[in-house]
Amino acid sequence: MTDDIVDEQRLQELLALTKQLPRSIDPPSGAWGQIRSALEAEPSSSGPRTTGPFSNAVIGRADAVRSTRFWQRPVFLAAAALLLVAGSSAITAVAVRRGDSSRTGSQQAGVQPTAPRQTEAQIAAAPTTSPATLAEFTAVEKDYIVTAQRLAELLAVQEDKLAPETVATLRESLRIIDNAILEARRALATDPANAALVEMLSGSYQKKLDLLRRTAEMARS
Amino acid sequence: MTIPPGAASAAVSPRTADAGGSSDVIHRAQAGDMDAFERIYREHSPKVYALCLRLSGGGAADASDLMQDVFIRAWRGLATFRGECAFSSWLHRLAVNAMLEAARSEKRRTARVLTMEDPGTIGAPAPAVTPDVAMDLERAIATLPHGARMAFVLHDIEGYQHQEIADQMGIAVGTVKAQLHRARKLLIKALDK
Numbered sequence: 013m014t015d016d017i018v019d020e021q022r023l024q025e026l027l028a029l030t031k032q033l034p035r036s037i038d039p040p041s042g043a044w045g046q047i048r049s050a051l052e053a054e055p056s057s058s059g060p061r062t063t064g065p066f067s068n069a070v071i072g073r074a075d076a077v078r079s080t081r082f083w084q085r086p087v088f089l090a091a092a093a094l095l096l097v098a099g100s101s102a103i104t105a106v107a108v109r110r111g112d113s114s115r116t117g118s119q120q121a122g123v124q125p126t127a128p129r130q131t132e133a134q135i136a137a138a139p140t141t142s143p144a145t146l147a148e149f150t151a152v153e154k155d156y157i158v159t160a161q162r163l164a165e166l167l168a169v170q171e172d173k174l175a176p177e178t179v180a181t182l183r184e185s186l187r188i189i190d191n192a193i194l195e196a197r198r199a200l201a202t203d204p205a206n207a208a209l210v211e212m213l214s215g216s217y218q219k220k221l222d223l224l225r226r227t228a229e230m231a232r233s
Numbered sequence: 232m233t234i235p236p237g238a239a240s241a242a243v244s245p246r247t248a249d250a251g252g253s254s255d256v257i258h259r260a261q262a263g264d265m266d267a268f269e270r271i272y273r274e275h276s277p278k279v280y281a282l283c284l285r286l287s288g289g290g291a292a293d294a295s296d297l298m299q300d301v302f303i304r305a306w307r308g309l310a311t312f313r314g315e316c317a318f319s320s321w322l323h324r325l326a327v328n329a330m331l332e333a334a335r336s337e338k339r340r341t342a343r344v345l346t347m348e349d350p351g352t353i354g355a356p357a358p359a360v361t362p363d364v365a366m367d368l369e370r371a372i373a374t375l376p377h378g379a380r381m382a383f384v385l386h387d388i389e390g391y392q393h394q395e396i397a398d399q400m401g402i403a404v405g406t407v408k409a410q411l412h413r414a415r416k417l418l419i420k421a422l423d424k
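For the protein sequence lines, the chains are A and B, in the order given. Here my numbering is used: the first residue of the first sequence is 13, the next is one more, and so on. Here my numbering is used: the first residue of the second sequence is 232, the next is one more, and so on.
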């Protein structure tokens, strides 16, 4: 074989060998879970995008967002922590300052909280330990979600006992926490071994539960 | 150049193309049914992963990342799939596009000035391999320069035509042929060692 000419026999041997290569190889077992988590974490997770063409500009934006690695910026962590604390404190402050006149009125009228006991039992089943890995977190994530949903339902029942300002602050705080959860899940989709992200995600869920619990207790008391 | 999947679908006819899976499942996935999309994933991921593994140079982690990117793009772009080509072809095109974009990003990142129109300047010489006959062909493919590897994988393994590869890679047909020739020559040399 010279530099420019490929020996025909050797070429045929190569092509024959190439044909024997497997066309299918099983991907890593956890790949689908990561794909699903990433898709469910997207704002449009209710389904594939149906507006606008599937363009490389869209892909480029998504890649740019992923490559930003927001969680590695200390300013994000500081801001997120500050917002969580501020949101939780703001609700307490608003509730104390306003005295929740509607709640007082309800108490005077002898109205009792209407949340079912089963709900509170399910709330008590929320995860209490912090998972260290994505696999551990995935195992308890459903508990976080179910508990948060139950608390939200409980609050919805009792919402009229809270001042509108309290409810507005609660909603804004939940929005901030949900965004933090969303961003952490997106980041984990591209960096699943990052323990700090797992901690941030479970911490955000815990903050959400704490916030909902405290607000629900305020509504009941 | 990167071709949006679904556009000019007739240009793609890989040897591995199939019926593209049940249209009912695809329609359900297009409507947002994640379970249906999981069925699509289960059916197509082994072939897509094999393609990603070879296109990315044999690294399992990179291939897994690339494959995940492909299916995330597929979900986002499902609405644009009109059934004008086999679903597997559409997925393959996504994988190739994703690989090309990743290669461009890496090229920009490392500030390496390479041109696909000049095969003589593409990549460093392939590292020496010590093939153990059959299985080591995979390793030898992984060591090919990027352009040569793309041409070989797409043409000799996946069954694309020269023109199809040229369209996807945004290079001339003659360049594809040169890359393919270079790839075969390097592989034969590697297998001879």
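All C-beta atoms in this analysis are idealised placements derived from N, C-alpha and C, irrespective of residue type, glycine included. Remember, predicted model here, so these are calculated numbers, not experimental data.
{"Item": "For a quick check, are the C-beta atoms of B:VAL279 and B:ALA326 less than 7 Å apart?", "Value": "yes"}
{"Item": "Counting contacts by CB-CB distance shorter than 7 Å, is A:ASP203 in contact with chain B?", "Value": "no"}
{"Item": "Between A:LEU23 and B:TRP306, is the Cβ-Cβ spacing less than 7 Å?", "Value": "no"}
{"Item": "In this structure, how does DSSP classify B:GLN392 when only helix, strand and coil are distinguished?", "Value": "coil"}
{"Item": "How many angstroms separate the CA atom of A:THR227 from the CA atom of A:LEU167?", "Value": "8 Å"}
{"Item": "Cβ of B:PHE318 less than 7 Å from any chain A Cβ?", "Value": "no"}
{"Item": "What is the DSSP secondary structure of A:PRO204, reduced to helix, strand or coil?", "Value": "coil"}
{"Item": "Given that B:GLU269 touches chain A, what residues does it touch there, using C-beta distances under 8 Å?", "Value": "TRP44 and ARG48"}
{"Item": "Measuring alpha carbon to alpha carbon, tell me which residue in B:ARG380, B:ILE271, B:ASP300 and B:ARG304 is nearest B:SER319.", "Value": "B:ILE271"}
{"Item": "Return no unless some Cβ of chain A is closer than 7 Å to the Cβ of B:MET381.", "Value": "no"}
{"Item": "By DSSP, does B:LYS424 sit in helix, in strand, or in coil?", "Value": "coil"}
{"Item": "Where does A:ARG22 sit, in a helix, a strand or coil, going by DSSP?", "Value": "helix"}
{"Item": "Please specify which runs of the alpha helix (DSSP H), each continuous and at least 4 residues long, are wholly inside the region 145–222 of chain A, giving them in chain order.", "Value": "146–170 and 176–202"}
{"Item": "Whole angstroms is fine: what's the gap from B:LEU282's alpha carbon to A:SER214's?", "Value": "35 Å"}
{"Item": "Closest to A:ASP145 by C-alpha separation, out of A:LEU223, A:ASP203, A:GLU25 and A:THR30, would be which residue?", "Value": "Before going further, note that residue 145 of chain A is Thr rather than Asp in the sequence given. Of the candidates A:LEU223, A:ASP203, A:GLU25 and A:THR30, the one whose C-alpha sits nearest the C-alpha of A:THR145 is A:ASP203."}
{"Item": "Leaving aside the five residues before and after B:ARG380 along the sequence, list all residues of the same chain whose C-beta is less than 8 Å from its C-beta, in chain order.", "Value": "ARG285, LEU286, GLY288, ILE372, ALA373 and ALA414"}
{"Item": "Residue ranges of each alpha helix (DSSP H) run of no fewer than 4 residues wholly in the region 284–341 of chain B, ordered along the chain?", "Value": "291–308 and 318–341"}
{"Item": "What's the C-alpha gap between A:ALA164 and A:ARG232?", "Value": "14 Å"}
{"Item": "State yes or no: is the C-beta of A:LEU221 within less than 7 Å of the C-beta of A:ALA147?", "Value": "no"}
{"Item": "Give the residues of chain B in contact with A:PRO40, contact being defined as C-beta atoms less than 8 Å apart.", "Value": "ALA291 and SER295"}
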